[in-house]
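Note sheet for the following structure.
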Amino acid sequence: MLSKLTRIGMVIVLAAAGLFAQDYRGRMQGTVVEATKSVIAGASVTLTNNATAVATVRQTNQNGIYLFDLIVPGTYTVTVEAPGFARFEAKNIVMRQRADVTVDAMLSVGAVTESVTVSSQSAQVQFNSSKLETTIDSQIAAAIPQYQRNPFFFSRLDPSVVQSDTRLESQPYHSTGTGTQTVGGVTGSDFQVDGSPVGLGNFTGYVPSPDMVQEVNVQVNAIDAEFGQSTGAAVSVTLKSGTNKFTGVAFYQGVYPWANAVLNRVNRTPNIQRNHMFGGTLGNPIRKNKWFNFVAFEGWELVDPQTITGQLPSALERTGNFSQSRNTANNLRMVYDPFSTQTSADGRTVTRQPFPGNIIPANRISRVASAYTAALPQPNATAVGNYGARNYVVPLKLFTPYRNFSDRTDYIINDSLRYAGRVSFFRTPISASNPLGDDLVWMSDRGSNRHATQISNELTWAKSARTVISGSFAYYGFIDESSPRTTFKGYDSLWPGNSWYKAIFASGAITEVPPGMAITHGDGGSIMSSYSNGIGANGPYWRKHSTQDQEVLKMAHQYDKHYLKFGFESRYGSTWQLP
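In the numbering used here, the protein residues as written are 139 to 717.
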């Protein structure tokens with residue numbers, strides 16, 4: 139197993155391997171000519187980010203060609219100057235994710251103080267790539283309803299994207315919803331945030347808030363070798379960056395029972411769901427034209443109403459007295475003594491005798507059964523049928539507190555060296571109330587933790603006017619685990635002095651919860667039921683912790699009329715889980 143330092147070293151040594159490494163940034167190139175179509179060598183070309191005023195300067199080569207590579211998405215201005223010619227200026231050039239834009243300039247003879255300005259750009263055709271893609275910008279994203287608040291689902295605006303799973307786990311804190319999309323007829327797409335992957339096998343790690351998003355790009359035919367981690371498609375989200383202006387938003391959305399539409403117009407069933415969504419963003423300069431920051435937060439307080447139903451025993455049945463208990467045929471519900479069982483000599487017939495008076499003697503009732511019976515609540519509803527079906531109904535609240543935070547900083551170290559770093563995470567400790575007040579009787583299996591973290595760092599060096607080198611490191615992980623919130627006093631309260639169970643919980647990987655008991659009546663109804671059936675903890679128990687890190691080194695070089703790109707990428711992942 140290679141250590142992280144070893145793998146980072148391999149990134150540097152093997153950079154010339156000729157493999158591409160994924161990137162969300164784009165490039166711009168063009169040819170500078172004069173009126174007779176003759177190329178102009180040595181012309182000064184300046185690319186300026188309109189939002190940050192950060193400028194990058196290149197010189198055209200002997201063929202009049204210039205190139206800007208690894209450009210972050212945004213709106214730019216291109217200025218071309220050469221001695222003896224009027225200045226050429228192209229404004230409002232929009233660079234999308236992975237854009238490959240060509241902006242040619244024709245200079246006219248004139249004084250340096252004269253200029254020719256192109257104030258708007260026609261649709262920019264990408265002459266140097268055959269990729270098929272769709273890009274959704276922030277204006278479109280803001281106008282589209284987002285019930286799940288998951289920006290990866292903006293990809294559905296592309297007609298080639300289909301949701302391949304009908305489950306409802308599409309909220310951002312569910313790890314399985316995002317990866318169920320089929321892009322261009324295939325699954326296994328590469329999901330990225332700011333060029334860093336968030337896919338962890340079939341799971342998806344960090345999902346940003348929609349208000350953080352600048353663009354969502356869907357590549358149906360990711361033909362570059364840089365997308366070798368996918369099966370042919372990629373969905374990439376680019377987050378907003380700080381600018382020279384203070385910008386931001388704040389929002390609140392409340393869902394209240396009194397304002398909800400009814401669930402059923404016929405019987406006027408009310409919708410008692412309650413939810414609070416709140417958050418905001420702030421983009422600002424820390425040092426104008428040099429250091430920028432963008433921070434965002436989103437929180438949910440979701441209360442999902444459920445119902446617990448029970449088929450509880452009567453007061454007599456709690457003491458073992460079934461002399462008044464009837465079955466569906468209105469006959470006495472017989473209770474047989476298991477110790478009276480007799481088998482015939484030929485083994486074909488088994489007989490047993492009922493308890494006298496259909497009453498179980500007190501000394502025949504186990505201590506464990508007595509403990510469970512004493513903990514059961516009393517019926518609170520009118521029973522249905524002789525078995526007392528649905529004679530206990532209480533509301534249950536499921537709590538989902540969701541917190542999503544992200545902070546990105548961009549620092550211009552000097553004219554040739556730039557740094558971008560980001561820390562993003564969300565935390566979602568889901569829990570359920572217990573209106574019965576005793577976990578021994580019933581405990582929800584809905585308690586869980588859904589936590590994600592992503593940390594990325596990127597350094598870009600313009601080594602020369604022809605060569606750009608970029609290196610990055612990213613860490614991302616996801617925790618998807620059952621996390622029962624219980625007041626259970628432990629198995630020793632049921633089996634004092636008996637240590638048969640201790641080996642199960644010795645590692646601490648499994649929480650000690652009350653044992654599940656499936657107790658049913660003759661009609662098949664469970665004593666307690668809701669999301670899961672039975673007494674105690676009856677739901678599934680799972681635990682999955684997945685992490686992965688990524689190291690990338692890439693180099694882009696312009697040689698004469700040719701464009702060369704080299705790169706190396708390393709990913710190492712690990713998963714600890716209980717089935």
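Glycine residues also receive a C-beta, built at the ideal position from the N, C-alpha and C atoms. None of these values were measured; they are calculated from a predicted model.
- For the pair of segments examined, the stretch 434 to 450 was found to touch the stretch 415 to 425: the number of CB pairs separated by less than 8 angstroms reaches three.
- Contact between the stretch 324 to 342 and the stretch 684 to 691 is present: 3 or more CB-CB pairs across the two stretches fall below 8 angstroms.
- By alpha-carbon distance to VAL651, the top candidate from ALA675, ASN187, GLY635, ARG528 is ALA675.
- If you look at SER562, you'll find it in the beta strand (DSSP E) that goes 555 to 570.
- For ARG505, the enclosing alpha helix (DSSP H) stretches over residues 505 to 513.
- Here THR316 is buried. Its C-beta has 16 or more other C-beta atoms within 10 Å.
- With respect to the 9 angstroms criterion, ASN595 and GLY559 are classified as neighbours on the basis of their beta carbons.
- Note: GLY212 is bridge-paired with MET233 in the DSSP secondary-structure output.
- Of SER645, SER602, GLY635, the smallest CA-CA separation from TYR697 is found for SER602.
- Selection VAL531, SER246, LEU514 evaluated against ALA521 yields VAL531 as nearest (Cα-Cα).
- Around the Cβ of ASP577, a 10 Å sphere holds 16 or more other Cβ atoms; the residue is buried.
- In terms of Cβ geometry, VAL216 and VAL299 do not form a close pair [threshold 9 angstroms].
- DSSP places SER276 in the uninterrupted alpha helix (DSSP H) bounded by 276 to 281.
- Pairing VAL375 with VAL239, the inter-Cα distance amounts to about 20 angstroms.
- One Cα belongs to ARG528, the other to ASN413, and the distance between them is close to 29 angstroms.
- Taking a contact to require three or more Cβ pairs closer than 8 angstroms, the stretch 624 to 631 and the stretch 220 to 234 do not qualify as touching.
- Just measuring C-alpha positions, the residue of ILE498, GLN686, ARG565, ALA570 sitting nearest PRO533 is ALA570.
- Closest in C-alpha terms to PHE611, from the list LEU377, ASN469, ILE593, GLN480, comes ILE593.
- In this structure, ALA189 places its C-beta atom within 9 angstroms of the C-beta atom of GLY212.
- With at least 16 other beta carbons inside 10 angstroms of its own, ALA181 counts as buried.
- With a cutoff of 9 angstroms on beta-carbon distance, GLN491 and SER478 are scored as near each other.
- When the five nearest sequence neighbours on each side are left out, the beta carbons in the same chain lying within less than 8 angstroms of the beta carbon of LEU454 are those of PHE460, SER461, GLN462, SER463, in order along the chain.
- Assignment of GLY705 by DSSP, reduced to helix, strand and coil, places it in the strand class.
- Using a Cβ distance threshold of 9 angstroms, PRO346 and LYS383 do not count as a contacting pair.
- Put simply, of THR198, LYS699, ASP349, VAL241 the residue whose alpha carbon is nearest the alpha carbon of ASN542 is ASP349.
- Between PHE389 and the set THR598, ALA280, SER452, ASP475, the nearest pair of CA atoms involves ALA280.
- Scanning its chain for C-beta atoms nearer than 7 angstroms, with the 5 sequence neighbours on each side dropped, one finds around THR198 the residues VAL170, ILE178, ALA179, GLY180, ALA181, VAL183, TYR204, in chain order.
- Residues GLN411, ARG412, ASN413 of the same chain have their beta carbon placed closer than 7 angstroms to that of VAL393, with the five preceding and five following residues left out of the count.
- Within a 10 Å sphere around the beta-carbon of VAL488 sit fewer than 16 other beta-carbons, which makes this residue exposed.
- The bridge partners DSSP lists for SER182 are GLN197, GLU219.
- In its chain, beyond the 5 residues on either side, ASP207, VAL606, LYS703 have a beta carbon closer than 6 angstroms to the beta carbon of ALA694.
- Inclusion of THR713 and HIS683 in the CB contact set at 9 angstroms is warranted, their separation being smaller than that value.
- For TYR679, the three-state secondary structure derived from DSSP is coil.
- Counting the other Cβ atoms within 10 Å of the Cβ of VAL351 gives 16 or more, which makes it buried.
- Annotation: the continuous beta strand (DSSP E) that includes ILE617 extends over 605 to 620.
- Here ASN288 is buried, its C-beta having at least 16 other C-beta atoms within 10 Å.
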